[in-house]
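Below: the structure, in structure tokens.
In full-length UniProt numbering, the protein residues as written are 1 to 500.
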């Protein structure tokens, strides 16, 4: 029989659907055709595969070769199918045994010498192959990503010849090392001990970490806003394995390097204020994730928030609520997760020194108003916490560290304890509480409820702001330790951190 079937994986967002590679050898003039909606890179595989087979000391069939990539309606791109096509051709010509192809998937781009090159976006394919219970063979150059997928039957190969020898029972393929063998969270990232003073900002950052609340910091230049934001991932709880794999899979699609020593640390993305809307949400003819998806399960830091284009900021509104972004193109539609924590920073005015006792502000009231109006009300309404970050006196910078200058490990322990309370109570962080769970977990006595209603009505807050104040108060109560219910001082502190 001159028909052989191998399995591979396509790249479509973070789903990596299975592709069946069917190879048929027939009579007629020698030729090779690839069908099944291939792009130009896949069509060019016929030349790469032919030369690679010949340089590996195998015989390329002197017959008509037809390669079908099924399902036919799924677009295929890149060189990831080269290895599966080459093995299918060799199996159809009885040069390698077909039996060992049945329970295996193959990914890899072939060089003309027969060596295997790395494939971008391979992690989603590894995850899906593990769920399907199949063995998968990938290039050794992808070993770092393969090491992240625990309990998966992954084999590494350097060349087509090595894979063929293994299929014929004349050699072996090695498995990647486990990333958990050298994972070390404490050595990753800057420490909170580096921050001097700014005790209120440190407090708000801890609340934001415990409840996964969005945060806006306002202050003059050089007061430590960026420094604080960069230390947030170090006090967040470590990601679970499934969360870490989701985040790494998105980075894999963007061809970004993954450090196995920090693979379970929350991602931190800080795009420049000149970034376009497409850079934030993703796009392209073949949809790729943007910054908000690369920050999935982590932190998206927007410094100089009013300097971003108004249109760019407005694209954040939908993913802030839904936790995902859908990119539609004429030929395909891709959905990328985008459950990120927004941390933003801005100056109080265009010159940056409004309210600073050491510098005179040169801005007129109209200039200040126009500057702050660049952030729309609907976007500001979705930010739970807002804190002023004033200038730190020089004496604080040179004084010995005090008892309140906790390091990241100490703060992280408090954050993890508070987060665990929320997860045990509702199965989700406080910032994501539904209205039903909010009414159950933040039930207020009559006096506290009347006090909050009067305060919110006087401030002219929206219904969304009212619920967000309750969520922040719930987080403050969790951080307090013994507090089982939300009390008035928790509500007062939550209102203090809210901009209406």
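Ideal Cβ placement from N, Cα and C applies to all residues, glycine included. Keep in mind that this is a model prediction, so the values were computed, not measured.
Reduced DSSP category for residue i - H, G, I as helix; E, B as strand; rest coil
i           : result
residue 262 : helix
residue 34  : strand
residue 217 : strand
residue 324 : strand
residue 294 : helix
residue 346 : strand
residue 384 : coil
residue 187 : Model confidence at residue 187 stands at a pLDDT of 48, short of 50, so the residue's coordinates are unreliable; what they give is reported in the following sentence. If DSSP states are grouped into helix, strand and coil, residue 187 belongs with coil.
residue 70  : strand
residue 252 : helix
residue 195 : coil
residue 6   : strand
residue 148 : coil
residue 200 : helix
residue 242 : helix
residue 154 : strand
residue 116 : strand
residue 97  : coil
Beta-carbon spacing of residue i, residue j below 8 angstroms
i           : j           : result
residue 396 : residue 340 : no
residue 157 : residue 139 : yes
residue 161 : residue 121 : no
residue 220 : residue 347 : yes
residue 78  : residue 41  : yes
residue 155 : residue 126 : no
residue 233 : residue 298 : yes
residue 254 : residue 287 : no
residue 215 : residue 383 : yes
residue 50  : residue 28  : no
residue 267 : residue 294 : yes
residue 336 : residue 14  : yes
residue 499 : residue 363 : no
residue 312 : residue 276 : yes
residue 431 : residue 211 : yes
residue 66  : residue 94  : no
Expected contact under 8 angstroms - CB spacing of residue i and residue j to nearest Å
i           : j           : result
residue 83  : residue 116 : 7 angstroms
residue 19  : residue 88  : Their Cβ separation, rounded to whole angstroms, is 11 angstroms, which puts residue 19 and residue 88 out of contact at 8 angstroms.
residue 148 : residue 123 : 7 angstroms
residue 408 : residue 207 : Actually they do not touch by this definition, with Cβ atoms about 16 angstroms apart.
residue 486 : residue 477 : 5 angstroms
residue 175 : residue 389 : Their Cβ separation, rounded to whole angstroms, is 49 angstroms, which puts residue 175 and residue 389 out of contact at 8 angstroms.
Bounding residues of the beta strand (DSSP E) (the contiguous stretch that carries residue i)
i           : result
residue 359 : Where residue 359 is concerned, there is no enclosing beta strand (DSSP E), given that its DSSP letter is neither H nor E.
residue 40  : First-last for residue 40: 40-43, but that is the alpha helix (DSSP H), not the beta strand (DSSP E).
residue 406 : Segment: none, residue 406 is in no beta strand (DSSP E) and carries neither H nor E.
residue 22  : 18-26
residue 442 : Where residue 442 is concerned, there is no enclosing beta strand (DSSP E), given that its DSSP letter is neither H nor E.
residue 369 : Premise fails: residue 369 lies in the alpha helix (DSSP H), 365-372, not in any beta strand (DSSP E).
residue 136 : 135-139
residue 337 : 333-337
residue 229 : That residue, residue 229, is in no beta strand (DSSP E); its alpha helix (DSSP H) goes 225-230.
Residue i burial status per 10 Å Cβ neighbour count (16 or more: buried)
i           : result
residue 57  : exposed
residue 99  : exposed
residue 497 : buried
residue 445 : exposed
residue 105 : buried
residue 4   : buried
residue 322 : exposed
residue 9   : buried
residue 62  : exposed
residue 421 : buried
residue 103 : exposed
residue 428 : exposed
residue 353 : buried
residue 39  : exposed
residue 272 : exposed
8 angstroms Cβ cutoff, residue i in contact with chain B
i           : result
residue 211 : Within the model displayed, chain B is absent; a lone protein chain is all it includes.
Residue span of the alpha helix (DSSP H) that contains residue i, given as start and end
i           : result
residue 299 : Not the alpha helix (DSSP H): residue 299 falls in the beta strand (DSSP E), residues 299-302.
residue 164 : 160-167
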